Amino acid sequence: MAADTTPGIDLAAIATALNEDDVDAALGLGLLDWPGDSETAYRAGLADTDIATLKRVRDERLAALAARERHRARAARLARQAGERRQRQSDTLANGPTGKPALSGAAAAALARALAKAKR
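Position 89 of the sequence shown, counting from 1, maps to 89 under our numbering, and the rest follow consecutively.
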C-alpha cells in the first residue's frame, strides 16, 4: 500500500474505520480534514469503493455541519428579533400612547349617538 500524501491524515485508517461503521473514529482520524480529492486517495492505495465511501460520508458530515450552523444562525436571529420586539413593546408601554386616538372627536360622538339610539 502506498503512503498517504496528505500530511497527518491516514486515509487507509479512515477507510477501515468507516468499513467498521465507526464514523466517530473516522472523524477523529481527520476525515473532514481530507480535501476530498480522489487522487490523494488513490495514492494512499484505497479501492474505488473505499474512496466512494470516504467521499459520501465526508460530504454527508459537511452538509450536516452546514445545516447545524444555519440552524444556530437562525436561532440567534430569532432571539435577537424577539429581544428587539420586547424592547419596542416595553418602550411603548413606558411612554404611554403617543399616537392619535383611535377615533376622532366627531367619530366618537357619532358612535356614542348610535349606541344611545340602539339602546332605546
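Beta carbons: idealized from backbone N, C-alpha and C, even for Gly.
Every value quoted in this text rests on a predicted model; they were computed, and no experiment measured them.
About 6 Å separates the CB atoms of Leu29 and Ala17; that is less than 8 Å, so the two are in contact.
In the three-state DSSP reduction, Glu60 falls in the helix class (H, G or I). Excluding sequence positions up to five before and after Leu27, its CB lies within less than 8 Å of the CB of Arg61, all in the same chain and listed in chain order. For Arg58, the number of other beta carbons within 10 angstroms of its own is at least 16, and it is reported as buried. Only buried fits Asp50, as 16 or more other CB atoms lie within 10 angstroms of its CB. In the displayed model, Glu20 falls within coil according to three-state DSSP, outside both helix and strand. The C-beta distance from Gly83 to Lys55 rounds to 42 Å, too long to meet the 8 Å contact threshold.
Nearest to Gly45 by C-alpha distance, out of Ala67, Asp10, Asp22, Glu69, is Asp10. By the beta-carbon neighbour count (other beta carbons within 10 angstroms, threshold 16), Ala63 is exposed. Here Thr53 really is in contact with Ala15; their C-beta atoms are around 7 Å apart, less than 8 Å. Between the beta-carbon of Leu103 and that of Leu111 there is about 7 Å, and that keeps the pair under the 8 Å contact cut.
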